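Single-structure report; data block below.
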Amino acid sequence: CLLKYPADASCHRKGPFVFYGVYNPRSSSGLGSDNAAATVNGEIISLQEFNREYQSRLDYFQTLMKGKVDANLLKQLGIRKQVLDQLIQRILWLQEAKNLGIVVSDDEVVDHIQRMPYFKQKDGPFDPVLYKKILEANRMTPALFEEQVRSDLMRPLLISFLRSRARISEVELKQELLGQQRQRSLDY
85 CLLKYPADAS CHRKGPFVFY GVYNPRSSSG LGSDNAAATV NGEIISLQEF NREYQSRLDY
145 FQTLMKGKVD ANLLKQLGIR KQVLDQLIQR ILWLQEAKNL GIVVSDDEVV DHIQRMPYFK
205 QKDGPFDPVL YKKILEANRM TPALFEEQVR SDLMRPLLIS FLRSRARISE VELKQELLGQ
265 QRQRSLDY
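Using our numbering, the first residue of the sequence shown is number 85, and each one after it goes up by one.
Right, dumping it as structure tokens:
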């Protein structure tokens, strides 16, 4: 864990492991087997992680719809697929950032978390006890939350890096502008 906790708090990081499996979108639940929701380039998305994200999304809809969420509506909206797609995208972003050598330091993660208003008493400093309670209420460990924060901080760095490397020729720019101009004239 990156943040310091009271003596009774614990944080355990698990080492990497390898999972050989295939995501099967046709399985009865739309998820893979053996406690894996999916595997992305050898990296596992556990059913526990999927279920936590899915429950979070359900809680959001429950709040939004004042507790009147219909199972058929969730199915029509494809919430399960959306959650899995989001988890897959997160891993792909992280893998690409790692390939390019883009990293977010532990200090950056800690600083970001400590500035989050959710973990502060009224107008006060970061409260590690409140931090732990909020994470527990959301079924998260500090290590998992810190990795999600790292991921969230890494994505804009990766996007910025990729944008800075994108090049477009003058001919391509003119073609794009002409295409947009033609589109506008067809729209009217």
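Don't be surprised by glycine CBs; every beta carbon is placed ideally from N, CA and C. Remember, predicted model here, so these are calculated numbers, not experimental data.
By the 10 Å Cβ neighbour count, where 16 or more other Cβ atoms means buried, how is residue i classified, buried or exposed?
i           : result
residue 174 : buried
residue 144 : exposed
residue 122 : buried
residue 178 : buried
residue 138 : buried
residue 167 : buried
residue 247 : exposed
On the three-state DSSP scale, how would you describe residue i?
i           : result
residue 129 : strand
residue 123 : strand
residue 159 : helix
residue 88  : Since pLDDT at residue 88 reaches only 48, below the 50 mark, its modelled position is unreliable, and the value read off the structure follows with that caveat. Residue 88: coil per DSSP, three-state reduction.
residue 259 : helix
residue 206 : coil
residue 154 : coil
residue 175 : helix
residue 197 : helix
residue 233 : helix
residue 186 : coil
residue 238 : helix
residue 136 : helix
Please confirm whether residue i and residue j have their CB atoms less than 8 Å apart.
i           : j           : result
residue 216 : residue 209 : no
residue 238 : residue 186 : yes
residue 229 : residue 171 : no
residue 161 : residue 153 : no
residue 241 : residue 188 : yes
residue 124 : residue 176 : yes
residue 205 : residue 214 : yes
Can you tell me where the alpha helix (DSSP H) holding residue i begins and where it ends?
i           : result
residue 217 : 212-221
residue 224 : Per DSSP, residue 224 belongs to no alpha helix (DSSP H) and is neither H nor E.
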